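Same order as they appear, the protein sequences are chains A and B.
Taken in order, the first sequence gives residues 1 to 257; the numbers are from our numbering.
Taken in order, the second sequence gives residues 258 to 517; the numbers are from our numbering.
C-beta: ideal position from N, C-alpha, C; glycine also.
Quick caveat, the model's predicted, so the values are computed rather than measured.
Note sheet for the following structure.
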Amino acid sequence: MATSRPSWLRLGLPPVAVFLASMAIAQGIVELKLVPAWLLPPPTRVLAALWNQWSVLGPALWFTTRASLAGFALSVLVGVGAAVLMVSSRWVQRAFYPYAVFFQTVPIIAIAPLLVIWFGWGMQTIIIAAFIVSIFPVLANALTGLLSTDPALKDLFRLYGASRWATLFKLRLPAALPSIMTGLRIAGGLAVIGAIVAEMVVGQSGLGAALAEARQRQNTDVVFAGVLLAAFLGLGFFALVNLLAHLVLHRWHASEQ
Amino acid sequence: MVPGRAVTLSRIQKTFPGGVQAIAGLDLHVAPGEFVALLGPSGCGKSTLLRLVAGLDQPEGGQVLIDGQPARLQSGQRQGLAFVFQDAHLLPWRDVLANVALPLELMGVAAGPRRKAAGLAVEQVGLSDAMHRYPAQLSGGMRMRVSLARAMVTNPQLLLLDEPFAALDEITRQGLDEQLRGLWLERRMTILFVTHAIAEAAFLAQRALVLTRRPARVVLDHTIDLPLQRSGSLRGTPQFAAQTAQLYEALQRGDRDGTA
Ligand SMILES: Nc1ncnc2c1ncn2[C@@H]1O[C@H](COP(=O)(O)OP(=O)(O)OP(=O)(O)O)[C@@H](O)[C@H]1O
Ligand SMILES: [Mg+2]
Numbered sequence: 001m002a003t004s005r006p007s008w009l010r011l012g013l014p015p016v017a018v019f020l021a022s023m024a025i026a027q028g029i030v031e032l033k034l035v036p037a038w039l040l041p042p043p044t045r046v047l048a049a050l051w052n053q054w055s056v057l058g059p060a061l062w063f064t065t066r067a068s069l070a071g072f073a074l075s076v077l078v079g080v081g082a083a084v085l086m087v088s089s090r091w092v093q094r095a096f097y098p099y100a101v102f103f104q105t106v107p108i109i110a111i112a113p114l115l116v117i118w119f120g121w122g123m124q125t126i127i128i129a130a131f132i133v134s135i136f137p138v139l140a141n142a143l144t145g146l147l148s149t150d151p152a153l154k155d156l157f158r159l160y161g162a163s164r165w166a167t168l169f170k171l172r173l174p175a176a177l178p179s180i181m182t183g184l185r186i187a188g189g190l191a192v193i194g195a196i197v198a199e200m201v202v203g204q205s206g207l208g209a210a211l212a213e214a215r216q217r218q219n220t221d222v223v224f225a226g227v228l229l230a231a232f233l234g235l236g237f238f239a240l241v242n243l244l245a246h247l248v249l250h251r252w253h254a255s256e257q
Numbered sequence: 258m259v260p261g262r263a264v265t266l267s268r269i270q271k272t273f274p275g276g277v278q279a280i281a282g283l284d285l286h287v288a289p290g291e292f293v294a295l296l297g298p299s300g301c302g303k304s305t306l307l308r309l310v311a312g313l314d315q316p317e318g319g320q321v322l323i324d325g326q327p328a329r330l331q332s333g334q335r336q337g338l339a340f341v342f343q344d345a346h347l348l349p350w351r352d353v354l355a356n357v358a359l360p361l362e363l364m365g366v367a368a369g370p371r372r373k374a375a376g377l378a379v380e381q382v383g384l385s386d387a388m389h390r391y392p393a394q395l396s397g398g399m400r401m402r403v404s405l406a407r408a409m410v411t412n413p414q415l416l417l418l419d420e421p422f423a424a425l426d427e428i429t430r431q432g433l434d435e436q437l438r439g440l441w442l443e444r445r446m447t448i449l450f451v452t453h454a455i456a457e458a459a460f461l462a463q464r465a466l467v468l469t470r471r472p473a474r475v476v477l478d479h480t481i482d483l484p485l486q487r488s489g490s491l492r493g494t495p496q497f498a499a500q501t502a503q504l505y506e507a508l509q510r511g512d513r514d515g516t517a
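If you want it as structure tokens, here you go:
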């Protein structure tokens, strides 16, 4: 892996270049007065807002990070756990899968007020929202992975008298890991979105609440600063899941090589 | 020396859902320590037969007896049984040694003896250098050797192989055939070897059974008339050609009979 450092540069440089270029273009558009600054705040003003409002935005970012991480972790635990239960019995799968699909389509904006009534104004509600929005891809992908175990290997395990547990932990779960990681990649971003949307509705704390307030006061520069932070948070989640996938799969999954 | 097991099939019936009659009334006896090759047209029921012998499937009618006992996965018989599939089917997240140790692990053998036996089995197939490599880092032939080592690690008394080397190139396949023949000469377990390749059957086995089209019947039960010690050069001799000619003729006859 002598080429790893240059390859990092090669991987990192293009997106950073695109970022800087689009910032420069945005700045240019506003400087040339093609678009009024209150409609599209120039990047310099967004950065200034980020700096000035950091006492609000910093803690908000931290709150959202913790809430979406917790919701995401809950999704992974419950999603993979439910998938394991579902593959253990056809009946359980048939009985519960339609309800799992419900999670995929639930309009989180609509039920967030209900969540407040049930779970209060605190972080629990945000965590639950992040969980609801992100559990389906985890469950669906884990289920796909667990159901596509190589039949020959299942026969091999039967031949040597493997117990259900041994088959689950030594064959089915490890074989499902690439699928599970695909689910996690999707769920990471969704958890952030779920948390922010719920924060906007609840309006107490977090990036979502900060965004909602800035929007109300028509502080477009602060809105953009918040959106920028949300984007970086999503990016952070994505990087985290990719790192996890790399650690887990690098030895054998072709797409990781 | 591991004594082989006797396999007796009597009036076996196997019909799949949808009405596909794979086997209809097949009789077969394999003596302990025999090396039997099963030849037959594609789709005639060879894999089905092997799975019935392994106890992975149950016949609708007739009996599969192993050493006189009905073949059941639940009984202790599986201790002495190993199955090799057409592809290697290794666990990609385990290195070669851990893959080969898997059967012992599942049977509850302690880590120490397990590692030792697996190490020996890996050595036996000539993969000592690749002990800690992962399947993705091996060639197809190497993977198949790992699969063979995994089957041999339990010292099976009955070894079932379903077209194990079919996906490999000719030279690699011949090398593996010689290796398998060597293992059999050393241990004398009973072997049932399914193959499409006539030359492979003649080179490997003591006895070849040629099956008809589905539903499978035995069209030829032929004792291979070749010396016990066989090397690669045997393949060029007239005696070898005479054996393959007989198998070829029977295979064609079985294919015709099936259509009639
Ligand atoms: N699970 C199954 N369900 C339905 N039909 C099956 C099933 N397994 C096998 N068959 C059918 O039974 C017949 C025998 O299949 P089998 O796999 O034993 O053939 P084979 O002799 O091993 O063929 P090949 O040489 O191509 O591997 C085929 O016609 C096949 O379509
Ligand atoms: Mg077959």
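Open item on the list: Using only CA atoms, which one of 272(B), 361(B) and 452(B) lies nearest to residue 422(B)?
Closed with: 452(B)
TODO: For residue 373(B), count neighbouring C-beta atoms within 10 Å of its own C-beta (all shown protein chains included) and say buried if the count is 16 or more, exposed if not.
DONE: exposed
Task: Chain-ordered residues of the segment 140-166 of chain A with a beta carbon less than 8 Å from chain B - done: 150, 152, 153, 155, 156, 157, 158, 159, 160, 161, 162 and 166
- [ ] Closer than 8 Å by C-beta to residue 291(B): which residues in its own chain qualify, once you throw out the five before and the five after it? Chain order, please.
- [x] 261, 447, 448, 463 and 464
Task: C-alpha gap between residue 79(A) and residue 316(B), whole angstroms - done: 39 Å
Open item on the list: Closer than 7 Å to a non-hydrogen atom of ligand 2 - does that hold for the CB of residue 419(B)?
Closed with: yes
Open item on the list: Could you tell me the alpha carbon to alpha carbon distance between residue 334(B) and residue 278(B), rounded to whole angstroms?
Closed with: The predicted position of residue 334(B) is uncertain, since its pLDDT is 48 and thus under 50; no value can be drawn from it.
Open item on the list: Please confirm whether residue 338(B) has its beta-carbon closer than 8 Å to some beta-carbon of chain A.
Closed with: yes
Task: alpha helix (DSSP H) runs contained entirely in the segment 22-91 of chain A, provided each spans 4 or more residues - done: 43-52 and 54-88
Open item on the list: Between which residues of its own chain and residue 29(A) is the CB-CB distance below 6 Å, once the five residues before and five after are set aside?
Closed with: 35
- [ ] Would you grab the beta carbon distance between residue 354(B) and residue 367(B) for me? Rounded to a whole angstrom, and I think it's under 8 Å.
- [x] With 8 Å as the limit, residue 354(B) and residue 367(B) do not qualify as a contact, their Cβ atoms being about 16 Å apart.
Open item on the list: Just list the residues that DSSP pairs residue 386(B) with in beta bridges.
Closed with: The partner list for residue 386(B) (beta bridge, DSSP) is empty, contrary to what the question assumes.
Open item on the list: Between residue 274(B) and ligand 1, is there a pair consisting of the residue's CB and a ligand heavy atom that are separated by less than 7 Å?
Closed with: yes
- [ ] Please name the residues in the segment 370-400 of chain B whose beta-carbon is closer than 8 Å to at least one beta-carbon of chain A, in chain order.
- [x] 391, 392 and 393
Task: Cβ separation of residue 202(A) and residue 126(A), assumed to be a contact under 8 Å, to the nearest whole Å - done: 7 Å
Task: residue 182(A) in three-state terms, based on DSSP - done: helix
Task: Cutoff 8 Å: residue 244(A) Cβ touching any chain B Cβ - done: no
Task: Chain-ordered list of residues that sit, by beta carbon, closer than 5 Å to a heavy atom of ligand 1 - done: 273(B), 277(B), 279(B), 299(B), 300(B), 301(B), 302(B), 303(B), 304(B) and 305(B)
Open item on the list: Please confirm whether residue 334(B) has its beta-carbon closer than 8 Å to some beta-carbon of chain A.
Closed with: Because residue 334(B) sits at a pLDDT of 48, beneath the cut-off of 50, its placement in the model cannot be relied upon, and the point is left open.
Task: Collapsed DSSP secondary structure at residue 109(A) in the structure displayed - done: helix
TODO: Please classify residue 351(B): does DSSP put it in a helix, a strand, or coil?
DONE: coil
Task: Residues near residue 27(A) by beta carbon distance below 6 Å, same chain, minus five either side - done: 42 and 43
Task: Beta carbon proximity, residue 315(A) to chain B, threshold 8 Å - done: Outside the shown range of chain A, which is 1 to 257, sits residue 315(A), and nothing can be said about it.
Task: From 187(A), 225(A) and 175(A), residue whose alpha carbon lies closest to that of residue 240(A) - done: 187(A)
Open item on the list: Counting C-beta neighbours from all protein chains within 10 Å, is the total for residue 64(A) 16 or more, i.e. buried, or is it exposed?
Closed with: buried
Task: Cross-strand partners of residue 287(B) (DSSP beta bridge) - done: 264(B)
Task: residue 360(B) classed as buried or exposed, judged by whether at least 16 other C-beta atoms fall within 10 angstroms - done: buried
Task: Boundaries of the beta strand (DSSP E) in which residue 292(B) is found, first to last residue - done: 292-296
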